[in-house]
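Let me begin by presenting the structure, written as structure tokens, before commenting on it.
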Amino acid sequence: MKQADIGLIGLAVMGQNLVLNMNDHNFQVVVYNRTTSKIDDFLNGPAKGTKIKGAYSIEELVASLKKPRTIMLMVKAGAVVDNFIEQLIPYLEPGDVIIDGGNSKYTDTNRRVAQLSQLGLHFLGTGISGGEEGARHGPSIMPGGSFKAWQVVQPILQAIAAQVDGQPCCQWVGENGAGHYVKMVHNGIEYGDMQLISEAYQLIHEGLGLSFAQLEQTFTQWNQGVLDSYLIEITSHILGFQDETGAPLLEKILDTAGQKGTGKWTGIEALDLGIPLTLISEAVFTRCLSARKDERVKAAQVFTPPQSSFTGDLETAIAAIHDALYASKIISYAQGYMLLREIANQQGWQLSYGNIALMWRGGCIIRSKFLGNIKQAFDQNPQLDNLLLDDFFASEIKRAEAGWRQAIILAINLGIPTPAFSSALAFYDGYRSERLPANLLQAQRDYFGAHTYERVDKPRGEFFHTNWTGHGGNVSSTIYEV
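So, in structure tokens, the structure goes:
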């Protein structure tokens with residue numbers, strides 16, 4: 001058998017479709033799965049008639065590959081990845097490459113890069129987004145880890161990635177766990193986008209009383225403008241989809257949302273790094289609240305909503321909700337990029353923020369027209385502190401602000417929850433405030449805990465403690481920051 005260009009372990013949905021994608025691009029692929037019957041099922045099913053070959057042991061898989069060998073793992077994150085790495089090591093030689101294409105934690109990727117480099121092996125932690133369709137026809141691919149590994153696998157990964165304006169949605173991200181970190185932030189932004197769209201849907205449907213047919217039309221129109229995106233597109237399809245009785249299927253779906261954890265990881269990272277990732281965190285908490293269905297049913301019998309209904313101009317209200325969704329989306333990405341900038345500083349990664357936006361423009365779940373504007377912002381100013389300070393995004397926020405506020409007021413009056421819209425606006429109002437009430441917080445902390453404070457009339461970095469009661473001490477507590 002001709003030696004293969006790449007081996008892939010793990011024939012679940014994503015693994016199978018990536019293999020078929022590689023085959024379409026004339027790469028010779030050999031596959032292995034722990035449950036070997038899946039190899040036969042795949043070769044006799046979706047892969048029938050292709051050049052894809054099967055291996056029935058790790059040793060056979062490695063022996064089937066040209067040097068330097070490249071093996072891609074598409075298996076469950078965590079201990080399973082480590083287990084397969086340990087199985088592979090005895091058969092590999094210095095210069096060989098292992099790619100982890102699952103949703104691994106970046107800290108695990110950091111560890112694996114260091115561990116394998118000591119053996120002369122190269123490890124690539126690669127975020128992949130796009131689901132089944134993306135894997136089959138072109139996903140967004142976010143590689144990070146060993147740069148030498150990237151040089152080996154670049155032709156394969158860029159060939160199978162989504163292409164936008166002739167450019168692959170796959171670029172080198174950075175060292176160690178940078179690729180998996182960027183994928184984690186992508187997933188957090190995905191949580192935020194989905195929550196924002198859901199709030200717009202509920203506010204229009206329950207608040208304004210539009211039918212599902214009208215909702216489908218509204219979202220279809222929105223997808224022609226600044227909100228043009230994959231998630232808006234599929235939302236319009238979902239809103240128009242009917243079940244076997246001819247009723248909207250969406251009405252039959254239980255309102256309890258699941259999650260796999262990457263949104264939660266993003267929120268935890270933000271807390272650890274002191275980044276106000278309020279919108280994504282709120283999106284995670286809202287899923288948690290949705291899961292408490294039984295309690296919500298009981299609470300609905302105790303607390304009645306405001307006795308009010310919408311009486312204004314329908315077109316104006318829909319436009320306001322559109323602007324609330326758009327402005328909140330800008331905030332979500334601004335916060336996500338704040339987190340990326342902070343982790344880059346902490347880890348010493350040289351992240352290309354414009355290239356990250358480019359990678360997200362095609363193939364992935366959050367792909368949208370909007371990402372082109374983000375790339376332009378960082379192309380114009382690679383050292384941009386915050387997307388909100390870019391001229392384009394600043395002007396867009398200003399234009400949408402009035403409608404954003406009107407939509408939230410409408411939701412409050414109707415008793416419809418808009419946690420993501422509201423947290424985004426609160427962040428914006430805080431971010432644009434030269435002075436916040438944190439002076440009172442510092443005074444309180446110093447009063448009860450002698451934690452000290454800085455003064456506006458003294459140089460930064462000089463700390464003071466006040467004996468507020470007259471009978472306290474003059475010894476201050478240890479100074480610390482978030």
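Under my numbering, residue 482 is the last one in the sequence shown; the count climbs by one each step, no gaps.
The beta-carbon is built from N, C-alpha and C at its ideal position, and this holds for glycine as well.
Separation of residue j from residue i, as counted between CA atoms
i    : j    : result
D313 : A319 : 10 Å
L61  : Q16  : 16 Å
Q171 : R111 : 22 Å
E199 : G138 : 30 Å
Y91  : A47  : 27 Å
I331 : F27  : 41 Å
A159 : H25  : 7 Å
G10  : W222 : 39 Å
V531 : E93  : No statement about residue 531 is possible, as the shown extent of the chain runs from 1 to 482 and does not include it.
E488 : A283 : Any question about residue 488 goes unanswered here, given that the chain covers just 1 to 482.
G102 : M74  : 6 Å
I280 : V80  : 28 Å
L192 : K329 : According to the sequence shown, residue 192 is Gly rather than Leu. Each residue's Cα considered, the two are about 8 Å apart.
N474 : T466 : 7 Å
T316 : Q224 : 18 Å
Y480 : Q163 : Low local confidence applies: a pLDDT of 49 at Y480 is under 50, so the model's placement there is unreliable, and no value is given.
L18  : A299 : 46 Å
E342 : L358 : 20 Å
A420 : T126 : 29 Å
M142 : E86  : 24 Å
Q442 : R432 : 20 Å
Q346 : H186 : 19 Å
V13  : I189 : 23 Å
L273 : R435 : 22 Å
N355 : K375 : 7 Å
Closest by C-alpha distance to residue i, when choosing among the options
i    : options                : result
T286 : L203, P417, E434       : P417
I115 : I89, G102, Q221        : Note that residue 115 is Gln in the sequence shown, not Ile. Comparing Cα positions, the closest option is I89.
G130 : Q202, P94, C169, P306  : C169
P276 : K66, A424, G45, W222   : A424
S211 : G174, G192, L250       : L250
G177 : V153, G188, G144       : G144
G449 : L436, P437, F464       : F464
K252 : G258, T262, I238       : I238
P248 : A213, N33, T262        : A213
A55  : T466, G49, S37, K67    : S37
H43  : L20, S57, R34          : Per the sequence shown, residue 43 should be read as Leu rather than His. Among L20, S57, R34, the Cα nearest to that of L43 is on L20.
V152 : H180, D108, T70        : T70
L231 : A357, F370, A135       : F370
A291 : A257, T304, R136, A324 : A257
C364 : Y337, E206, D272, K183 : K183
E269 : A411, G207, V97, L339  : L339
S395 : A135, T278, R34, D323  : D323
Q202 : R432, A407, V456       : A407
R455 : E233, N439, Q444, G95  : N439
G261 : C288, L157, F427       : C288
E401 : S422, Q167, T107       : S422
DSSP bridge partner residues for residue i (one or two, in chain order)
i    : result
G134 : DSSP output for G134 lists no bridge partner at all.
K53  : V30
Q163 : P168
P437 : Answer is none; P437 lacks a bridge partner.
T70  : V97
H180 : Paired residue(s): none; H180 is not in a bridge.
Q242 : P248
L208 : Bridge partners of L208: none, in fact.
M142 : G127
L65  : A4
F464 : Y453
H237 : According to DSSP, which records beta bridges pairwise, H237 is partnered with nothing at all.
I9   : Y32, L73
E175 : G145
H122 : V97
S229 : S368
Integer-rounded CB distance, given that residue j should sit under 8 Å from residue i
i    : j    : result
K105 : W265 : 7 Å
G174 : Q350 : 6 Å
L506 : Y333 : With the chain represented from 1 up to 482, any question about residue 506 goes unanswered, as that position is not in the structure.
M72  : I99  : 4 Å
W468 : Y447 : 5 Å
F378 : Y353 : 4 Å
S236 : E216 : 5 Å
W150 : L121 : Not a contact, Cβ separation roughly 14 Å.
S64  : Q3   : 6 Å
L119 : L227 : L119 to L227, Cβ: 48 Å. No contact.
Near the ligand FAD: residue i beta-carbon under 7 Å from a heavy atom
i    : result
A402 : Among the ligands in the structure shown, none appear at all, so the ligand FAD cannot be discussed.
> Which full runs of the beta strand (DSSP E) of 3+ residues lie inside the region 360-410, going along the chain?
Replying inline: none
>> So within the region 321-349, which uninterrupted alpha helix (DSSP H) runs reach at least 4 residues, ignoring any that extend past its ends?
In response: none
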